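Asker: So the protein sequences, as listed, match chains A and B. Position 34 (the first sequence) corresponds to 34 in the numbering used here; numbering is contiguous. Position 134 (the second sequence) corresponds to 134 in the numbering used here; numbering is contiguous.
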Amino acid sequence: MTITINGKETTIPDNPGRTIESLLEELDVSQRLYVTVELNGEILDRAAHETTPVAGGDVIEFLYFMGGGR
Amino acid sequence: MLTEEQIERYSRHIILKEVGGKGQQKLFDGKVLIIGAGGLGAPIALYLAAAGVGTIGIADADDVDLSNLQRQVIHFTPDVGKPKVESAREKMLAINPDLNVVTYKEWVTAANIMEMVGGYDFIIDGTDNFAAKFLINDACVLAGKPYSHGGILQFDGQTVTVDPGKSACYRCLFPEPPPKDAIPTCSQAGVIGVLPGVLGTIQATEAIKFLLGKGDLLTDRLLTYNALRMKFREVPLRRKTTCPVCGDTPTITGAKDELDALTVCDLEAH
Ligand SMILES: [Zn+2]
Chain A
1 MTITINGKET TIPDNPGRTI ESLLEELDVS QRLYVTVELN GEILDRAAHE TTPVAGGDVI
61 EFLYFMGGGR
Chain B
1 MLTEEQIERY SRHIILKEVG GKGQQKLFDG KVLIIGAGGL GAPIALYLAA AGVGTIGIAD
61 ADDVDLSNLQ RQVIHFTPDV GKPKVESARE KMLAINPDLN VVTYKEWVTA ANIMEMVGGY
121 DFIIDGTDNF AAKFLINDAC VLAGKPYSHG GILQFDGQTV TVDPGKSACY RCLFPEPPPK
181 DAIPTCSQAG VIGVLPGVLG TIQATEAIKF LLGKGDLLTD RLLTYNALRM KFREVPLRRK
241 TTCPVCGDTP TITGAKDELD ALTVCDLEAH
């Protein structure tokens, strides 16, 4: 199935059991424990990562911490 | 009223229909606080001074270090060892002697931030650590002060403007800081020197647009920039009703220090 991740269309194997949490692992997303996930325009609570399924056509943004400035 | 010399100084502004004499006067009457006189703060301070923002506050407890000069373009080699706010003040006044520059040689804390932001129209976060970034967000939301968030690391940067109560705030995106040492810092991971120039200039643009009341602010949109791929992206944001500071039932009702996040980035050098 195809999903959009940070603006890029990405094809991943079909897996009906996939959740946001397992997707983060599968893609080895950096800052995996702290990354904010936006699913179809809605920022998810971290607690919802484990229970939120990923469906074809989903638009997902990984938002990373950037603490620098000086 | 602008003097003849000021009309000449700002002539390229004044011929813009979005600025004009009236807009230039608004800039001169404007008060902007820059927190952090480093990578982001440098271009912000230089451009706001040049633009004629009449009152500019600048806060930073640090002294200029040799390793700052690769990116903090407001500080020069002879400034090494001098307080950053003093070095920045000299350059701002050298560009534009008409300004009122207010210096705060201190770190922002829960104890001083509310009073500090209270005197300004618009605040800019140019800090390098999560404790300060969350504190600035909370203080600006609680005080109802619009502000520009900026963050950089290596070749990446991101910025968003927060209009408290109206647009998404930093905690809508990130409810709490990452645990200390979880995210690499610029001093550990490096930063390409031109990066804060790009991001800081965008933040300064937001302050100027806010004071002029023109254009669309970078609200409800996180602008991300990658210098290696030379790509800008915009991520649409929405205010979160469960946000701990700007949501419907906020749990943060006063400025508080995020103690777990305090030791980051260049602060480690102290
Ligand atoms: Zn919020």
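Heads up, the beta-carbon is just placed ideally off N, CA and C, and yes, glycines get one too. Only a predicted model underlies this, so the values are computations on that prediction, with no experimental measurement involved.
#1: Name, in chain order, the residues that DSSP records as bridge partners for residue 10/A.
#2: Would DSSP call residue 163/B helix, strand or coil?
#3: Since residue 204/B and residue 43/B should fall inside the 8 Å C-beta cutoff, what is the C-beta to C-beta distance between them, to a whole number of angstroms?
#4: Taking the continuous beta strand (DSSP E) assigned at residue 149/B, which residues delimit it?
#5: Taking 6 Å as the cut-off, is the CB of residue 70/A close to at least one heavy atom of ligand 1?
#6: Hey, how far is the Cα of residue 73/B from the Cα of residue 10/A?
#7: Could you give the DSSP three-state label for residue 42/A: helix, strand or coil?
#8: Between residue 29/A and the rest of its own chain, which residues show a CB-CB distance below 7 Å, the 5 nearest in sequence each way excluded?
#9: Please list the residues of the region 168-189 of chain B that have a C-beta atom closer than 7 Å to any C-beta atom in chain A, keeping them in chain order.
#10: Is residue 71/B close to ligand 1? I mean its beta-carbon at under 6 Å from any heavy atom of the ligand.
#11: Would you call the CB atoms of residue 143/B and residue 32/B closer than 7 Å?
#12: Check whether the Cβ atoms of residue 24/A and residue 32/A sit closer than 7 Å, and answer yes or no.
#13: 7 Å is my cut-off, CB to CB: does residue 233/B come that close to chain A?
#14: What residue range does the alpha helix (DSSP H) around residue 139/B cover?
#15: Given a limit of 9 Å on CB to CB distance, which residues of the region 32-60 of chain A reach chain B?
#16: Is the Cβ-Cβ distance between residue 149/B and residue 170/B less than 7 Å?
#17: Pick out whichever of 236/B, 232/B, 154/B and 189/B has its Cα sitting closest to the Cα of residue 196/B.
#18: Consult DSSP for residue 200/B and reduce its assignment to one of helix, strand or coil.
#19: Please classify residue 87/B as buried or exposed, where buried requires at least 16 neighbouring CB atoms within 10 angstroms.
#20: Does the Cβ of residue 243/B lie closer than 6 Å to at least one heavy atom of ligand 1?
#21: Measuring straight from C-alpha to C-alpha, what distance separates residue 172/B and residue 257/B?
#22: With 7 Å as the threshold, decide whether the Cβ of residue 65/A is near any Cβ in chain B.
Answerer: From the atom records:
#1: Translated into positions along the first sequence, residue 10/A becomes position 10. For residue 10/A, which the question treats as bridged, DSSP gives the partners 3/A.
#2: Start at 1 with the first residue of the second sequence, and residue 163/B comes out as number 163. Assignment of residue 163/B by DSSP, reduced to helix, strand and coil, places it in the coil class.
#3: Numbered from 1 along the second sequence, position 204 holds the residue referred to as residue 204/B. Numbered from 1 along the second sequence, position 43 holds the residue referred to as residue 43/B. The pair is a contact, with the Cβ atoms about 7 Å apart (cut-off 8 Å).
#4: Your numbering for residue 149/B matches position 149 in the second sequence. Counting along the chain, the beta strand (DSSP E) containing residue 149/B begins and ends at 147-153.
#5: In the first sequence, the residue the question calls residue 70/A occupies position 70. Annotation for residue 70/A indicates a beta carbon at 6 Å or more from all heavy atoms of ligand 1.
#6: Within the second sequence, residue 73/B is the residue found at index 73, counting from 1. Within the first sequence, residue 10/A is the residue found at index 10, counting from 1. C-alpha separation (whole angstroms): 40 Å.
#7: The sequence position of residue 42/A within the first sequence is 42, counting from 1. Strand.
#8: Taking the first residue of the first sequence as 1, we reach residue 29/A at position 29. Contacts found: 35 and 62.
#9: 172, 173, 174, 178, 182, 183, 185 and 186
#10: As a position in the second sequence, residue 71/B is number 71, starting the count at 1. The answer is no for residue 71/B.
#11: For the purposes of this step, residue 143/B is taken as the residue at position 143 of the second sequence. For the purposes of this step, residue 32/B is taken as the residue at position 32 of the second sequence. Contact: no.
#12: One-based indexing of the first sequence puts residue 24/A at position 24. One-based indexing of the first sequence puts residue 32/A at position 32. Their beta carbons are under 7 Å apart, which means residue 24/A touches residue 32/A by this criterion.
#13: In the second sequence, counting from the first residue as 1, residue 233/B sits at position 233. Yes, contact with chain A.
#14: Here residue 139/B is taken as the residue at index 139 of the second sequence, counted from 1. Residues 130-143.
#15: 33, 34, 36, 38, 41, 42, 43, 45 and 46
#16: One-based indexing of the second sequence puts residue 149/B at position 149. One-based indexing of the second sequence puts residue 170/B at position 170. In this structure, residue 170/B lies closer than 7 Å to residue 149/B by Cβ.
#17: Mapped onto the second sequence, residue 196/B falls at position 196. Checked all of 236/B, 232/B, 154/B and 189/B; the closest Cα to residue 196/B is 154/B.
#18: In the second sequence, the residue the question calls residue 200/B occupies position 200. Of the three classes helix, strand and coil, the one that applies to residue 200/B here is helix, per DSSP.
#19: Counting from 1 along the second sequence, the entry for residue 87/B is found at position 87. When all chains shown are included, residue 87/B counts as buried.
#20: Here residue 243/B refers to the residue found at position 243 of the second sequence. Yes - ligand 1 has a heavy atom lying nearer than 6 Å to the Cβ of residue 243/B.
#21: The count along the second sequence starts at 1 and reaches residue 172/B at position 172. The count along the second sequence starts at 1 and reaches residue 257/B at position 257. Rounded to the nearest angstrom, the two C-alpha atoms are 18 Å apart.
#22: In the first sequence, counting from the first residue as 1, residue 65/A sits at position 65. Yes - at least one Cβ of chain B is within 7 Å of the one on residue 65/A.
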